[in-house]
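Chemist: Would you mind keeping the following structure in view while I ask a few things?
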Amino acid sequence: MKTITVRYFAMFREHAGLSTETLSLAAETAADVFAATRERHGSTEPRGHCKVAINDVMVSWDSKVEDGDTVLLFPPVAGG
Amino acid sequence: MKTITVRYFAMFREHAGLSTETLSLAAETAADVFAATRERHGSTEPRGHCKVAINDVMVSWDSKVEDGDTVLLFPPVAGG
Amino acid sequence: MLTISSTPIQPDVLRRRLFDPAAGGFCAFEGWVRNENEGHTVLRLEYEAYEPLAVSEADKIFAEAMDRFPYLQALCVHRIGLLEIGDCAVWVGVSSPHRDAAFRACRYIIDEVKVRLPIWKKEHYVDGNSGWVNCERCARAS
Amino acid sequence: MLTISSTPIQPDVLRRRLFDPAAGGFCAFEGWVRNENEGHTVLRLEYEAYEPLAVSEADKIFAEAMDRFPYLQALCVHRIGLLEIGDCAVWVGVSSPHRDAAFRACRYIIDEVKVRLPIWKKEHYVDGNSGWVNCERCARAS
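Right, dumping it as structure tokens:
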């Protein structure tokens, strides 16, 4: 198990009802963290246009997560 | 012969040394007026990108001029 | 350079910062909050950004624009917080020796800002509902 | 609408005149006097316009832009007289529901203004010479 801090933004934060939580997860990749939080909060948003960062660096969903990482989950964006 | 008032703009005015003059010309068209003023002032500017208006309406070079008309001769433009 | 601002954008101050004696053209784009979106009457908008990554992603966008359409100076400011109809949500300005590069770089920057930056927009409708908005390109693709 | 002005252009005043609650995008272009043209160091510029026909030809340009890229509001102001480096010689602004029409209409208007309006530009160079400038498209064609 790894200790992962997850940060939620915009609709993810509203859906989870919190902006940050620290979880104990058996996750290997960023995609695993996304799946675990989806299940945890009963979210139905598809991963399609979402993005993810680990420790403030944008990464792909198959990037590995390490014990102590902070994973940022970004719902679909709409600037401007 | 027709009495034609000619107005010169920008380089045409500088070349002619005046902005308006009233001439007695045997001109049929705007092109004839252009040719007559070229000869009169020894100008060498080709007609290519020049434009002409008669009585404040843009016209083509083959437009007829009438006695009493004001012909405006516009050298190549460069707005902005 | 991108700046995230929680106070009103001041276009006149920003354009002065792009002055350059070699600049012959300046192009600016502003995104304004309008009263309608996809058939809903909009009352106001709420923007949220994750600033550290918005800034670093914008740096990449500005560098890409420079590669494609060499310009002299460029700036982008994006509002966050609650905005009313007519408020300026985003400002992009580009100065360049010639107008073609100014137009194209400005267009490139705003197009990419809208789809790549971690910025989210929530619309509040006249019927009391509200909703998070997807970027246009994403909405079309999904 | 085109205005010919012998006093400095005020972009911030002009953009406010284009506000429209249905406008989601606003695009502006400014032509600035730059310090160089085709290898000559420019000291200042002098613009001359024949206003009655500049205004009527601009009306046609605005109508053509509206046909092609429907917009909400558009304005153009062109300076005449003596201008220094960095001065704004021409300002075009367009507001529209979406940004694509704002960009395209603004580009169309400035492109046509530069080649069709009876406006002439005389450059004064650092070497004491001066010269009347042809529009870019004309210069290329001739």
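Protein chains in written order, with this note's numbering: chain A, 170 to 249; chain B, 170 to 249; chain C, 94 to 235; chain D, 94 to 235.
Idealized CB from N, CA, C, for every residue including glycine.
Got a sec: is the Cβ-Cβ distance from residue 198/C to anything in chain D below 7 angstroms?
Modeler: By this cut-off, residue 198/C is not an interface position.
Chemist: What is the rounded straight-line gap between the Cα of residue 247/A and the Cα of residue 97/D?
Modeler: Distance between the alpha carbons of residue 247/A and residue 97/D: 39 angstroms.
Chemist: How would you list, in chain order, the residues of chain D whose beta-carbon sits under 7 angstroms from the beta-carbon of residue 104/C?
Modeler: Under the 7 angstroms cutoff, chain D gives 105 and 108.
Chemist: Once the 5 residues before and after residue 170/C are set aside, which same chain residues still bring their CB inside 6 angstroms of it?
Modeler: Cβ neighbours of residue 170/C beyond the five flanking positions: 96, 98, 102 and 184.
Chemist: With DSSP run on the structure shown, which of helix, strand or coil describes residue 176/C?
Modeler: Three-state DSSP puts residue 176/C in a strand.
Chemist: Near residue 176/C, what residues of its chain come up, given a Cβ to Cβ distance below 7 angstroms and the 5 sequence neighbours on each side ignored?
Modeler: Only 126, 137, 138, 140 and 182 meet the Cβ criterion.
Chemist: Report the partner residues of residue 214/D according to the DSSP bridge assignment.
Modeler: For residue 214/D, which the question treats as bridged, DSSP gives the partners 140/D and 226/D.
Chemist: Tell me which residues share the same chain as residue 118/C and place their Cβ nearer than 6 angstroms to its Cβ, disregarding the 5 neighbours each side in the sequence.
Modeler: 189, 191, 192 and 195.
Chemist: Would you call the CB atoms of residue 223/A and residue 238/A closer than 7 angstroms?
Modeler: Cβ atoms of residue 223/A and residue 238/A: closer than 7 angstroms.
Chemist: Taking a cut of 7 angstroms between CB atoms, which residues from the segment 177-194 of chain B lie near chain D?
Modeler: Against chain D - using a Cβ distance shorter than 7 angstroms - the residues of the segment 177-194 of chain B are 178, 179 and 180.
Chemist: Along the segment 192-226 of chain A, where does the CB come closer than 9 angstroms to a CB of chain C? Name the residues.
Modeler: Listed in sequence order: 215, 217, 218, 220, 222, 225 and 226.
Chemist: Between which two residues does the alpha helix (DSSP H) carrying residue 69/C extend?
Modeler: This structure does not reach residue 69/C, given that chain C is present from 94 up to 235, and the question cannot be answered.
Chemist: Candidates 174/A, 178/A, 208/A and 203/A: which alpha carbon is nearest residue 216/A's?
Modeler: The residue with the shortest Cα to Cα distance from residue 216/A is 203/A.
Chemist: With a threshold of 7 angstroms between beta-carbons, can residue 234/A be considered close to chain C, or not?
Modeler: Cβ-Cβ to chain C under 7 angstroms: no for residue 234/A.
Chemist: Could you work out which residue in 111/D, 163/D, 115/D and 216/D is closest to residue 240/D when comparing CA atoms only?
Modeler: Only positions 94 to 235 of chain D appear in this structure, which leaves residue 240/D out of reach.
Chemist: Whose Cβ in chain C lies nearer than 9 angstroms to the Cβ of residue 179/D?
Modeler: Ordered by position in chain C, the residues that pass the 9 angstroms Cβ test against residue 179/D are 112, 113, 114 and 116.
Chemist: Does the structure place the segment 200-214 of chain D close enough to the segment 171-181 of chain B that three or more beta carbon pairs sit under 8 angstroms?
Modeler: Enough Cβ pairs lie closer than 8 angstroms, so yes.
Chemist: Can you give me the start and stop residues for the alpha helix (DSSP H) that residue 181/B sits inside?
Modeler: Looking at the DSSP string, the run of the alpha helix (DSSP H) that includes residue 181/B is 179-185.
Chemist: If the criterion is Cβ atoms closer than 7 angstroms, does the pair residue 198/D and residue 143/D meet it?
Modeler: No. Outside cutoff.
Chemist: Look up residue 112/C in the DSSP assignment and say whether it is helix, strand or coil.
Modeler: Three-state result, residue 112/C: coil.
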